[in-house]
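In our numbering, each residue carries its 1-based index in the sequence shown increased by 13.
To keep things clear, I will list the structure first and then write my remarks on it.
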Amino acid sequence: MNAVLAAPTRSFTRTLQRHGIALARTPLEILQVNLTARCNLACTHCHVESGPKRHEAVDARGITRLIELMDTAPALHTLDLTGGAPELHPQFRELVRAGRARGLKVIDRCNLTVLFEPGQEDTAEFLAAQGVAVVASLPCYTPENVNKQRGKGVFGGSIDALLRLNALGYGTSGSGLELDLVYNPIGAKLPPSQALLENDYRQRLHDDFDITFNQLFTITNMPIKRFLHELERDGELDAYMQLLIDNFNPRAALGVMCRNLVSVGWDGGLYDCDFNQMLGIELGHARTTLWDIARLDEIETRPIAFAQHCYGCTAGAGSSCGGSLA
14 MNAVLAAPTR
24 SFTRTLQRHG
34 IALARTPLEI
44 LQVNLTARCN
54 LACTHCHVES
64 GPKRHEAVDA
74 RGITRLIELM
84 DTAPALHTLD
94 LTGGAPELHP
104 QFRELVRAGR
114 ARGLKVIDRC
124 NLTVLFEPGQ
134 EDTAEFLAAQ
144 GVAVVASLPC
154 YTPENVNKQR
164 GKGVFGGSID
174 ALLRLNALGY
184 GTSGSGLELD
194 LVYNPIGAKL
204 PPSQALLEND
214 YRQRLHDDFD
224 ITFNQLFTIT
234 NMPIKRFLHE
244 LERDGELDAY
254 MQLLIDNFNP
264 RAALGVMCRN
274 LVSVGWDGGL
284 YDCDFNQMLG
294 IELGHARTTL
304 WDIARLDEIE
314 TRPIAFAQHC
324 YGCTAGAGSS
334 CGGSLA
C-alpha cells in the first residue's frame, strides 16, 4: 500500500460526510489522457515519476479507441494531453488533430524544454497552427528555484521556450493562442494566493524577459510518488498530511476535477483523476478500460473513488489541473 494511504489521518470520505457534502459526477466535459511516462526531465515534485528512462505509453490501438470515443459524450469540450512529456508520444499530433477536427479545445501540458529536444524542432509551430492551448510548467520566475526543482539549466531553456511561444502569438492579446503557466511549491507547504502570485509572475517575467502569458495556475504538490518519497525521506509526511487536513475547504471540495473529468492511463485504464491513476485507484474502485465501455458518457453514473491524497485538492484555495478552486 502507498504510504500516504496508510498514514494515520482523518478519513477524507468522513470529512465530506461531516460537512454534508455528497460529490457526484456531473456531465463529462474533460477527457484527460496520460500519453506517456517518458520525459526529458525528472522533476522532484513529479507525481508520475516521469523521466528519460520511462517508456510506458498508450499504444496505437489505444489511440484509435480514444478517437472513436471522442464522439460519445455530448458535453465533452476539452481533450487534455499530459505525461511525461506528451509531445514525445509518436501519435501526439494525430490525437491533437483528431480533437481539433471535432471542435474540442486541446490542451498540451508542456514542460517547455521539450520543445528543444531532437525531433521536436517544429512542435511549437504545430501547436500554434492547430490552436492548441499550452499549459506550461514554470514553478518560479527565478533560476534558483526552478533549477532546484527541475534540474540544472532548466530555467534558461524554459525562458527560451516561452519567448519562442510568444513570438508565435501565444499569450498575446487577440491571438487566440492560450499560454498558461503552472506553479508548484517547493517543499511541504501550500501554494500562496493564485491571484497575487500571478501578478508577481506577470511583472517579473515582463520586466526581466519581456514575456507575456494568459493565466497562472497554482497546484498543490500531491503526497504521492516522487514527492511522497521526498516527504518520507525528510520525515515530513505526517506533518504535511496534517497541513492538508487542517486546511480542508468545503467550497474547494465542491469544485474538484474528478466530477467532470476522466483520466486515461497508458494501458487504456480509466480513472477518476490523474492522481488516482498513479496510485492504481481505478474508476469508482472498479477496473474499467477504454474497451469495457461503448460510450464515454457511461461513466457519469459511476461513483467517484476517494482516498487520503484527495485532501491535496481541497486544502486552502483548492487545487486542480486548472489551478485554484475557491
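C-beta atoms are modelled at their ideal positions from N, C-alpha and C, and glycine is treated no differently.
All values derive from a computational prediction rather than experimental measurement.
Whole-angstrom distance between residue j and residue i, CA atom to CA atom
i, j, result
"Y196", "F319", "25 angstroms"
"D285", "D220", "40 angstroms"
"D121", "R246", "32 angstroms"
"D135", "L128", "8 angstroms"
"L309", "M83", "8 angstroms"
"D259", "R78", "42 angstroms"
"F25", "E249", "20 angstroms"
"L241", "T233", "13 angstroms"
"G297", "I317", "5 angstroms"
"L303", "P156", "41 angstroms"
"R113", "R23", "43 angstroms"
"K118", "V145", "7 angstroms"
"T314", "L181", "42 angstroms"
"D72", "G33", "42 angstroms"
"R110", "Q143", "7 angstroms"
"P152", "W279", "26 angstroms"
"G96", "R106", "14 angstroms"
"V159", "P65", "19 angstroms"
"S206", "G325", "15 angstroms"
"T28", "C323", "11 angstroms"
"Q30", "P263", "11 angstroms"
N-terminal and C-terminal residue of the beta strand (DSSP E) that residue i is part of
i, result
"C123", "118-123"
"L29", "Counting along the chain, L29 falls outside any beta strand (DSSP E), though it belongs to the alpha helix (DSSP H) covering 25-31."
"G112", "Segment 105-114 is the alpha helix (DSSP H) holding G112; no beta strand (DSSP E) there."
"A146", "146-150"
"G96", "91-96"
Residue i and residue j closer than 8 angstroms at C-beta
i, j, result
"N124", "D287", "no"
"T327", "A252", "no"
"L229", "Y214", "yes"
"H102", "E42", "no"
"E69", "T85", "no"
"G184", "F226", "yes"
"D93", "Q45", "yes"
"I237", "L292", "yes"
"N289", "P40", "no"
"T126", "A88", "no"
Residue i - containing alpha helix (DSSP H), residue span
i, result
"N179", "167-180"
Residue i, DSSP secondary structure in three states
i, result
"F261", "strand"
"T39", "coil"
"Q133", "coil"
"Y284", "strand"
"Y196", "strand"
"R74", "helix"
"D84", "coil"
"N158", "helix"
"N273", "coil"
"G325", "helix"
"F319", "coil"
"V127", "helix"
"R51", "strand"
"G336", "strand"
"L309", "helix"
"L140", "helix"
"L44", "strand"
"A330", "coil"
"G297", "helix"
"T302", "strand"
The ligand ZN heavy atom lying under 7 angstroms from the CB of residue i
i, result
"A149", "Inclusion of the ligand ZN in the displayed structure is not the case, the ligand content being empty and no account of it being possible."
Could you give the uninterrupted runs of the beta strand (DSSP E) lying entirely in the segment 202-239, keeping only those of 3 residues or more? 228-231
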